Amino acid sequence: MNPESPRVGFEGLSVAAFESRHAAEMATLIERYGGAPRVTPSMQEVPLEENAAAFEFGDKLIAGKFHAVIFMTGVGTEMLIHVLESRQAREEIVRALSATLIVARGPKSVRVLKNLQVPIAITLPDPHTSQLLLRALDEYPGGFAWEGSRIAVQEYGVPNRELLGELEKRGAHVFRVPVYRWALPENTEPLREAVQAIIDGQARVVLFTNAVQVNHLMQVAGEKRESLRNALRRSVVCSVGPTCSETLRNHGIGVDLEPEQHKMGSLVYEAAGRAPTLLNQKSME
Numbered sequence: 017m018n019p020e021s022p023r024v025g026f027e028g029l030s031v032a033a034f035e036s037r038h039a040a041e042m043a044t045l046i047e048r049y050g051g052a053p054r055v056t057p058s059m060q061e062v063p064l065e066e067n068a069a070a071f072e073f074g075d076k077l078i079a080g081k082f083h084a085v086i087f088m089t090g091v092g093t094e095m096l097i098h099v100l101e102s103r104q105a106r107e108e109i110v111r112a113l114s115a116t117l118i119v120a121r122g123p124k125s126v127r128v129l130k131n132l133q134v135p136i137a138i139t140l141p142d143p144h145t146s147q148l149l150l151r152a153l154d155e156y157p158g159g160f161a162w163e164g165s166r167i168a169v170q171e172y173g174v175p176n177r178e179l180l181g182e183l184e185k186r187g188a189h190v191f192r193v194p195v196y197r198w199a200l201p202e203n204t205e206p207l208r209e210a211v212q213a214i215i216d217g218q219a220r221v222v223l224f225t226n227a228v229q230v231n232h233l234m235q236v237a238g239e240k241r242e243s244l245r246n247a248l249r250r251s252v253v254c255s256v257g258p259t260c261s262e263t264l265r266n267h268g269i270g271v272d273l274e275p276e277q278h279k280m281g282s283l284v285y286e287a288a289g290r291a292p293t294l295l296n297q298k299s300m301e
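If you read the sequence shown in this note's numbering, its first letter stands for residue 17, the second for the next number, and so on.
Dropping the structure here:
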């Protein structure tokens, strides 16, 4: 399926989404496929006030203490390098990274590391899941010695508990490197209005592109959570990928659609192609 193709459409349906950095792009995509966008930013990236873990990571990296470093996001990778450069020269950081087995979870991390000319040992295919990452290490040419290994994981707002647990289960000593956290927008009123619009049936197609959006929407809903869950059961809920879908289900929200390619463009494309039919089916239940 081609996200650029105009052959599918929302047929004028109001479509709620919660993108922040890519809000304008999301609105454009929804309009391109015949939807009425209601895009409400749901989060902001806030650098951690204390970078003790990042600085400790830098010291240990320079000293050659890690067998592997896993970079989870492009933004996080950029911010981590920026933090480290406040104490160490870039050349020294690059040298230390180049002497370590580097795992890049997604294409944005790959791009940042390539710009630094850091050799990447492992890249992951779409959908960049924890299981694919673990399998790649299991199958690394020449083998990866799990027992007693020291692995640093650059975190992306919230810890990936599944990945951390599996690394430790295999015998690795994991060093978490939180670089930024997700916070609610300073003004949450638009998000509260979006909650009410969904409850009132004014947005019957709802798109989620990451798990934090789900958590923040439910947090803002407050005492209206159950009403929101009921409204979402009557709506078409679309999730970008497995982690987001798992979070939705943990909140008691079913997932009606998850695209084959776990990307924003594919999510909008497939939602546009199937949402009208799925809504009709729900109205007959």
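Just so you know, even glycine gets a beta-carbon here, dropped at the ideal spot from N, CA and C. This one's a predicted model, so the numbers in the text were calculated from it and none came from an experiment.
Residue environment, residue i, which counts as buried when at least 16 other CB atoms sit within 10 Å
| i | result |
| --- | --- |
| Pro-22 | The predicted position of Pro-22 is uncertain, since its pLDDT is 49 and thus under 50; no value can be drawn from it. |
| Val-62 | exposed |
| Met-11 | The chain is shown from 17 up to 301; residue 11 falls before or after that span and cannot be answered. |
| Gln-306 | Absent from the model: residue 306. The displayed extent of the chain is 17 to 301, so no value can be given. |
| Pro-292 | buried |
| Gly-159 | exposed |
| Arg-48 | buried |
| Gln-229 | buried |
| Glu-20 | Here the model assigns Glu-20 a pLDDT of 48, short of 50, so the residue's position is not dependable, and the following value carries that caveat. Label assigned to Glu-20: exposed. |
| Met-17 | Interpretation of Met-17 is limited by its pLDDT of 44, a score under 50 that renders its predicted location unreliable; no figure is taken from the coordinates. |
| Ala-219 | buried |
| Ala-161 | exposed |
| Ser-282 | buried |
| Glu-35 | buried |
| Arg-121 | buried |
| Gly-92 | buried |
| Met-88 | buried |
| Gly-164 | exposed |
| Glu-286 | buried |
| Pro-157 | exposed |
| Gly-257 | buried |
| Ala-251 | The amino acid occupying residue 251 in the given sequence is Ser; Ala does not appear at that position. Ser-251 is buried by the Cβ-count criterion. |
Run of the beta strand (DSSP E) containing residue i, from where it starts to where it stops
| i | result |
| --- | --- |
| Ala-222 | The amino acid at residue 222 is misidentified as Ala; the sequence shows Val. First-last of the beta strand (DSSP E) with Val-222: 221-224. |
| Ile-118 | 117-120 |
| Phe-87 | 84-87 |
| Arg-192 | 189-194 |
| Glu-171 | 166-171 |
Unbroken alpha helix (DSSP H) run spanning residue i, endpoints
| i | result |
| --- | --- |
| Leu-179 | 177-185 |
| Ile-109 | 106-114 |
| Pro-123 | 123-131 |
Whole-number beta carbon distance between residue j and residue i, since they are thought to touch under 8 Å
| i | j | result |
| --- | --- | --- |
| Val-128 | Ile-136 | Not quite, the Cβ-Cβ distance comes to about 10 Å (not below 8 Å), so this is no contact. |
| Ala-199 | Gln-60 | 5 Å |
| His-278 | Asp-154 | Going by Cβ atoms, the distance from His-278 to Asp-154 rounds to 22 Å, so no, they are not a contact pair. |
Selected residue, minimal CA-CA separation from residue i, among the options
| i | options | result |
| --- | --- | --- |
| Lys-124 | Gly-90, Ile-138 and Lys-130 | Gly-90 |
| Ala-210 | Val-256, Trp-162 and Val-55 | Val-55 |
| Glu-27 | Glu-35, Ala-33, Gln-212 and Ile-46 | Ile-46 |
| Asn-246 | Pro-275, Ala-32 and Gly-270 | Gly-270 |
| Cys-260 | Lys-76, Pro-275, Arg-249 and Ser-251 | Pro-275 |
| Gln-170 | Glu-163, Pro-206, Leu-153 and Gly-74 | Gly-74 |
| Leu-117 | Ala-68, Leu-29, Phe-82 and Arg-249 | Phe-82 |
| Leu-295 | Gly-257, Arg-241, Leu-248 and Ser-58 | Leu-248 |
| Thr-204 | Pro-57, Pro-53 and Val-31 | Pro-57 |
| Leu-273 | Leu-264, Glu-66, Val-253 and Asp-154 | Val-253 |
| Ile-78 | Leu-113, Leu-64 and Val-222 | Leu-113 |
| Gly-51 | Gly-289, Ala-84, Ser-299 and Glu-101 | Gly-289 |
The ligand ZN heavy atom lying under 7 Å from the CB of residue i
| i | result |
| --- | --- |
| Leu-283 | The ligand ZN is absent from the structure shown, which contains no ligand whatsoever. |
Contact with chain C by residue i, beta-carbon distance below 8 Å
| i | result |
| --- | --- |
| Glu-108 | Looking for chain C here will not work: only one protein chain is present. |
*Touch test, the stretch 183-191 against the stretch 92-104, Cβ-Cβ under 8 Å, three pairs minimum*: At 8 Å Cβ cutoff, the stretches do not touch.
*Any 3 or more C-beta pairs closer than 8 Å across the stretch 103-111 and the stretch 142-161*: No: the two stretches stay apart, fewer than three of their Cβ pairs being nearer than 8 Å.
_Can you confirm whether the stretch 168-178 touches the stretch 187-198 when touching is taken to mean that 3 or more C-beta pairs between the two stretches lie within less than 8 Å?_
With a cut-off of 8 Å, the stretch 168-178 and the stretch 187-198 count as touching, because enough Cβ pairs lie within range.
*Do three or more CB pairs link the stretch 39-54 to the stretch 233-241 at distances below 8 Å?*
The stretch 39-54 is not in contact with the stretch 233-241.
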